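Enquirer: Sequential numbering from 1 applies to the sequence shown in UniProt numbering.
Here a beta-carbon is modelled for each residue, glycine too, at the ideal position from N, C-alpha and C.
These numbers come from a predicted model, not from an experiment.
One structure is given below, represented as C-alpha cells, and several questions about it will come after.
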Amino acid sequence: MDNAGPQLLTQSEELRRRALVRTPGGVHSNVRLSGSQEFIKCAQGAWLYGVDGRDYVDYLLGQGPNFLGHAPKHIIDAVFEACRDGVVFGGQHELEVRASELVCQAVGWADMIRFSMTGTEAVQAALRLARAATGRTKLIRFEGHYHGWLDNVLLGQRDGQWGIASAGQLESHLADSIILPWNDLRSVEEALDRHGHEVAAVIMEPVMINAGVIEPLPGYLQGVRELATRHGAVLIFDEVIAGFRLGLDGGAGRYGVTPDLATYGKAIAGGFPVAALVGNADLMNRFGTGEVNHSGTFNSSVMATAAVTATLTSLLENPPYERIAAHGTALMAGLRDIGTERGLPLRVSGLPQAFHVSFGDAEVTDYRTLQQLDLARYESLSRVLVDNGIWVTGRGVWYVSAAHGQRELEAVLSRFDKAVSEWVAQ
Ligand code: PMP
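Right under this line is the structure:
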C-alpha cells in the first residue's frame with residue numbers, strides 16, 4: 001500500500017523549481033551550478049540563513065567580497081544614505097574623488113585609479129592599457145590563474161592542453177597568450193628571451209588563491225619583476241582576491257614587489273559590486289587623454305564609491321587584519337587536529353585569510369602539483385560540510401572575514417568534526 005501521500009516541497013525546492021523555468025541551470029553565474037541547493041533568506045556577520053531554516057557559518061563570503069562580514073551596518077548605512085541623493089549621474093561627483101584617493105592611499109604605490117563593476121572588466125582594461133603602452137600584443141600568463149570569464153582570458157584544460165574552456169569561446173582570442181606553469185622563473189625567462197619583443201604584459205595572481213592558495217616561492221615575484229622590466233613588458237598583478245584581504249597593500253605589499261598595474265575587486269567594497277584598476281600616472285593617463293578606451297555606464301556610481309569609501313575608511317581606521325589572521329590560524333590548526341585525530345590525510349594549507357583544504361601530501365607549488373592532491377575526495381566531504389552548516393564549495397578554498405570570532409570558531413570546528421564522522425561512515 002502506498003501511504004506516502006503528496007510530497008510537500010521545501011521552500012528551496014519550490015524556489016528552485018521556479019528558478020529552473022526562467023533561469024538556465026537555475027543560477028545566474030555558472031560558478032554556482034554546483035553547490036548547495038538551499039536558497040538563502042538572509043545573511044548577517046559570518047552567518048548565512050537558509051529559507052528552510054538552516055544556518056551556516058560562512059567561509060565562502062560570496063566568493064570573497066564579504067570580507068567585513070555580511071551586511072556590515074556602517075557600509076550599508078553609508079551606501080543607502082548616499083544613494084538617497086541619486087545613484088548614477090552621467091557626471092562626476094565628490095564621493096568618487098574621495099574613493100579614488102583612499103584606494104591609492106591604501107595601496108601605497110599607485111598614483112591613479114579607474115573603477116569598474118567587476119574584476120573581469122578591470123582585467124580587460126589592464127590588458128588593453130598594456131597593449132596600448134607597449135604596442136605589442138602577446139601576454140604571458142599562468143596555468144590555473146583565473147582572470148575573468150571573457151574569451152581572451154578564460155582557460156580550460158583538456159587532455160593536458162590549455163585552451164578554451166567554453167563552447168562558443170573563440171579559440172583565436174587565446175592566440176596571443178603564452179601559458180606557463182607558475183612559480184617557475186626559468187620558463188618566464190625562456191619565454192621572454194624568445195618572445196620578449198612581442199610581449200605586452202605578464203599577468204598573474206601574486207598569490208595563487210583561486211585554484212588552491214599557493215604562495216610564490218621566495219624570489220619568484222622579484223625575478224618576474226626584473227624580467228618584465230628588462231623586456232619592457234607591463235607587469236600586472238591581478239589582486240581581485242588578494243587585494244585588501246592580505247593587507248591594505250595586498251599581494252604586492254605582502255611580498256614586497258611592485259607591479260606596473262594591479263586589479264582589485266571583492267574585498268574593496270564590503271560586498272558591493274566594485275572593481276578597480278590602479279597604476280602609475282604615465283600608464284593610467286592614457287585613459288585620460290582618450291587614447292585608450294575604458295568605459296562603463298555604472299563605473300564609479302554613488303553606490304560603488306560610497307561602498308569603497310566606507311570600506312576603505314574602516315580598513316584604514318580599524319584594521320581587522322590581526323583578528324582575521326588569529327581566527328584563520330586557529331581554524332587551520334583546529335581542522336588539522338580533527339584530520340589527525342581521525343587518521344585522515346587532511347591537508348590545510350595557505351594563508352589564514354584564505355586557505356585550501358584537501359586530501360594528500362604532495363608539495364604544491366603550482367597548478368600541476370595541485371592536481372596531485374585528492375581534490376575529488378575533498379569535494380565529496382564538502383557536500384557533507386554544507387549539510388552540517390558550513391558554507392563552502394567543493395574547490396576547497398576557505399575565506400575568513402572580520403566577522404569570524406570565537407563563536408564561529410567553536411561552531412565550525414564542532415560542525416566539521418560531526419561532518420567528518422558522518423562522511424567517514426558513508
Ligand atoms: N581575477 C581574479 C583573480 C578573480 O578571482 C576573479 C573572480 N573570482 C576575477 C578576476 C573576475 O572577477 P569578477 O568575477 O568580479 O568578474
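Is the beta carbon of T137 closer than 8 angstroms to that of V234?
Expert: Not in contact: V234 and T137 (Cβ atoms no closer than 8 angstroms).
Enquirer: Give the DSSP bridge partners of Q161, in chain order.
Expert: R158, per the DSSP bridge assignment.
Enquirer: Mapping DSSP to helix, strand and coil, what is R407?
Expert: Helix at R407.
Enquirer: Under the rule that 16 or more other beta-carbon atoms within 10 Å means buried, what is V31, buried or exposed?
Expert: V31 is exposed by the Cβ-count criterion.
Enquirer: Tell me where the beta strand (DSSP E) around residue 431 begins and ends.
Expert: It is not possible to answer for residue 431, since the shown part of the chain is limited to 1 through 426.
Enquirer: For the beta strand (DSSP E) holding F237, just list the boundary residues, first then last.
Expert: It spans 234-238 - the beta strand (DSSP E) in which F237 sits, taken as one unbroken run.
Enquirer: Measure the beta-carbon distance from I268 to T311 and round it to whole angstroms, keeping in mind my assumption that it falls under 8 angstroms.
Expert: Yes, they are in contact, since the Cβ atoms of I268 and T311 sit about 6 angstroms apart, within 8 angstroms.
Enquirer: Against chain B, does A191 count as a neighbour if the rule is that its beta carbon must be under 8 angstroms from one of theirs?
Expert: The structure shown has no chain B; it contains just one protein chain.
Enquirer: Provide the residue(s) that pair with H70 in DSSP beta bridges, ordered along the chain.
Expert: Beta-bridge pairing links H70 to G45.
Enquirer: Within 10 Å of its beta-carbon, does R22 have 16 or more other beta-carbons around it, so buried, or fewer, so exposed?
Expert: R22 comes out exposed.
Enquirer: So, is D366 buried or exposed, given that buried needs 16 or more other C-beta atoms within 10 angstroms?
Expert: Buried, because 16 or more other Cβ atoms sit within 10 Å of the Cβ of D366.
Enquirer: What are the boundary residues of the beta strand (DSSP E) that G339 is part of?
Expert: Not the beta strand (DSSP E): G339 falls in the alpha helix (DSSP H), residues 321-341.
Enquirer: How about G270: is its Cβ closer than 7 angstroms to a heavy atom in ligand 1?
Expert: Checking the Cβ of G270 against ligand 1 gives no.
Enquirer: Tell me which residue opens and which closes the beta strand (DSSP E) that M112 is part of.
Expert: Unbroken beta strand (DSSP E) run through M112: 112-116.
Enquirer: Using the beta-carbon count (16 or more within 10 Å), is E239 buried or exposed?
Expert: So E239 ends up on the buried side.
Enquirer: Select from F416, E410, H28, V397 the residue whose C-alpha is nearest the C-alpha of A242.
Expert: Of the listed residues, the one whose Cα sits closest to A242 is V397.
Enquirer: Is the CB-CB distance between L180 and I140 below 8 angstroms?
Expert: Contact flag set, yes.
Enquirer: DSSP three-state call for residue 428: helix, strand or coil?
Expert: Residue 428 is absent from the model: the chain starts at 1 and stops at 426.
Enquirer: Are F359 and L351 closer than 8 angstroms when you measure CB to CB?
Expert: Not closer than 8 angstroms, so no.
Enquirer: I'd like to check one pair, Q353 with I390: are the Cβ atoms closer than 8 angstroms?
Expert: No.
Enquirer: Measure the alpha-carbon distance for A165 versus E171 and round it to whole angstroms.
Expert: Between A165 and E171, the C-alpha separation is close to 9 angstroms.
Enquirer: Can you give me the Cβ contacts of D68 inside the same chain, cut-off strictly under 6 angstroms, excluding the 5 residues immediately before and after it?
Expert: What sits at residue 68 in the sequence shown is Leu, not Asp. Around L68: G270, A402.
Enquirer: The alpha helix (DSSP H) with I209 in it runs from where to where?
Expert: Where I209 is concerned, the enclosing alpha helix (DSSP H) stretches over 209-212.
Enquirer: Looking at the structure shown, is A167 part of a helix, part of a strand, or coil, going by DSSP?
Expert: The answer is coil: DSSP assigns A167 none of H, G, I, E or B.
Enquirer: For ligand 1, I want to know if A275 counts as a neighbour, meaning its beta carbon is within less than 7 angstroms of at least one of the ligand's heavy atoms.
Expert: Yes, since a heavy atom of ligand 1 falls inside the 7 angstroms radius drawn around the Cβ of A275.
Enquirer: For L139, list the residues DSSP reports as bridge partners.
Expert: According to DSSP, L139 bridges with S177, A201.
Enquirer: Residues bridged to A354 by DSSP?
Expert: According to DSSP, which records beta bridges pairwise, A354 is partnered with L351, Y399.
Enquirer: Please report the Cβ distance between F416 and L316, rounded to the nearest whole angstrom; I am assuming they are in contact, meaning their Cβ atoms lie under 8 angstroms.
Expert: Their Cβ separation, rounded to whole angstroms, is 34 angstroms, which puts F416 and L316 out of contact at 8 angstroms.
Enquirer: Once you ignore the five residues that flank G144 on each side, which residues in its own chain have a CB closer than 6 angstroms to its CB?
Expert: So the list reads A211, Y367, once near-sequence residues are dropped.
Enquirer: Please report the straight-line C-alpha distance between T305 and E96, rounded to a whole angstrom.
Expert: Roughly 5 angstroms between the two C-alpha positions.
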